[in-house]
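*Asks:*
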Amino acid sequence: MHHELSIAEKIRHYIESKITPEELKNISKITIGVGKLAMVDKGHIKEAFDLIKENTDFKNVEIDFITDELHYQCRSCGKEFFSKNLETRCPECGGSIRVKDGDQIYIKTVSYK
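This is the structure:
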């Protein structure tokens, strides 16, 4: 959970650095995009965020998650495609593929009251 605590703190600090204190008081929800290969426990991030938000302007902020599809590119034909599943071959030509996107954690949206 130590890794997830660090992520929760980075989310809080990043938002604090980008908006005014007045705007901060009006946040109702933060949606976090998580790539399928991000290798984090969303439940632990939520627990960590709930822990660090006590006695701050984030105390009433809800945190939510969206799992992003994986973005692939074929090494042979160059076709790019998305999938919710771990793929090993290009659907177009059967060639080998590489993961182009899908291991990030990022702030997708910030909702206000």
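The sequence shown runs 109 to 221 under the working numbering.
The C-beta atom is built at its ideal place from N, Cα and C for all residues, glycine as well.
Taking the alpha carbon of Cys201 as the point to measure from, which residue in Asn163, Arg183, Ser136 and Lys133 has its own alpha carbon closest?
*Replies:* The shortest C-alpha separation from Cys201 is found at Arg183.
*Asks:* What number of angstroms, rounded off, separates the C-alpha of Thr217 from the C-alpha of Lys133?
*Replies:* So the alpha carbons of these two residues sit roughly 16 Å apart.
*Asks:* Please report the distance separating the alpha-carbon of Asn222 from that of Gln181.
*Replies:* Residue 222 lies beyond the range of the chain shown here (109 to 221); nothing can be said about it.
*Asks:* For Lys137, which residues does DSSP report across the bridge?
*Replies:* DSSP output for Lys137 lists Glu170 and Ser219 as bridge partner(s).
*Asks:* Would you kindly check if the distance between the Cβ of Glu124 and the Cβ of Tyr220 is under 9 Å?
*Replies:* Contact flag unset, no.
*Asks:* Under the rule that 16 or more other beta-carbon atoms within 10 Å means buried, what is Cys185, buried or exposed?
*Replies:* Counting Cβ neighbours within 10 Å, Cys185 comes out exposed, since fewer than 16 surround it.
*Asks:* Would you grab the beta carbon distance between Asp165 and Gly141 for me? Rounded to a whole angstrom, and I think it's under 8 Å.
*Replies:* That pair is no contact at about 23 Å.
*Asks:* If I measure Cβ to Cβ from Asp149 and keep anything under 7 Å in the same chain, skipping five residues before and after, which residues do I get?
*Replies:* So the qualifying residues of the chain are Glu112.
*Asks:* From this set, Gln212, Ile215, Ile205 and Glu117, which residue's C-alpha is nearest Asp158's C-alpha?
*Replies:* Considering only alpha carbons, the answer is Glu117.
*Asks:* Tell me whether Ile213 is buried or exposed, calling it buried when 16 or more other Cβ atoms sit within 10 Å of its Cβ.
*Replies:* Buried, because 16 or more other Cβ atoms sit within 10 Å of the Cβ of Ile213.
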